[in-house]
Amino acid sequence: LTSSVLFCLANTNYERTHSRTMLLARGLQLILPLMTTWWLLANLMNMALPPTINLTGELLIIASTFNWSHLTIIMTGTGTLLTATYSLYMFLTTQRNKLSTNTMNISPTQTREHLLMALHTLPMLL
Numbered sequence: 404l405t406s407s408v409l410f411c412l413a414n415t416n417y418e419r420t421h422s423r424t425m426l427l428a429r430g431l432q433l434i435l436p437l438m439t440t441w442w443l444l445a446n447l448m449n450m451a452l453p454p455t456i457n458l459t460g461e462l463l464i465i466a467s468t469f470n471w472s473h474l475t476i477i478m479t480g481t482g483t484l485l486t487a488t489y490s491l492y493m494f495l496t497t498q499r500n501k502l503s504t505n506t507m508n509i510s511p512t513q514t515r516e517h518l519l520m521a522l523h524t525l526p527m528l529l
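For the sequence shown, position 4 (counting from the first letter as 1) is numbered 407 according to this note's numbering, and the numbering increases by one without interruption.
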């Protein structure tokens with residue numbers, strides 16, 4: 404579920420910047436502050452924030468792989484660490500840097516985009 408909202412957010416960035424390069428989409432917090440909130444929420448859910456279903460899933464996977472073999476805890480821990488690191492990197496790269504020169508004339512967000520993000524996020528909180 405989290406990857407779905409992250410791909411949806413990436414698509415909204417692509418529709419505005421017409422580029423898949425994260426460095427060209429930097430500094431969007433200044434132009435689209437509410438979309439930045441959706442990015443933060445999606446990235447926190449991707450890192451298994453406690454009230455989300457991802458935490459339960461990760462804890463069950465970690466416990467079952469540890470019961471299966473004690474060596475798998477290293478691979479599982481590395482995968483969890485890499486996921487959290489990349490999520491933070493992606494958020495900081497696209498939202499928190501200086502505004503790029505090609506993003507000066509970006510169209511504002513629409514209500515349908517916020518509804519789409521809310522509908523992606525709601526099942527993860529239930």
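We put the beta carbon where it would ideally sit given N, CA and C, even for glycine.
Item: For T512, three-class secondary structure by DSSP; Value: coil
Item: Rounded straight-line distance, which links the Cα of L463 to that of N457; Value: 10 angstroms
Item: Whole-angstrom distance between A413 and M438, CA atom to CA atom; Value: 11 angstroms
Item: C-beta atoms of M448 and T524 nearer than 9 angstroms; Value: yes
Item: Residues of its chain near T497, where Cβ-Cβ distance is below 8 angstroms and the 5 sequence neighbours each way are ignored; Value: N416, M425, A428, R429, L431 and W442
Item: N508 versus S472: straight-line alpha-carbon distance, rounded; Value: 54 angstroms
Item: Element boundaries [alpha helix (DSSP H), containing T459]; Value: I456 to W471
Item: 9 angstroms Cβ cutoff met for T512 and L433; Value: no
Item: Contact set for N500: own chain, Cβ-Cβ below 6 angstroms, skip 5 residues either direction; Value: R429 and G430
Item: Delimiting residues of the alpha helix (DSSP H) encompassing N500; Value: Counting along the chain, N500 falls outside any alpha helix (DSSP H), and DSSP gives it neither H nor E.
Item: Cβ-Cβ separation, P454 to L528 (assumed contact under 8 angstroms), whole Å; Value: 6 angstroms
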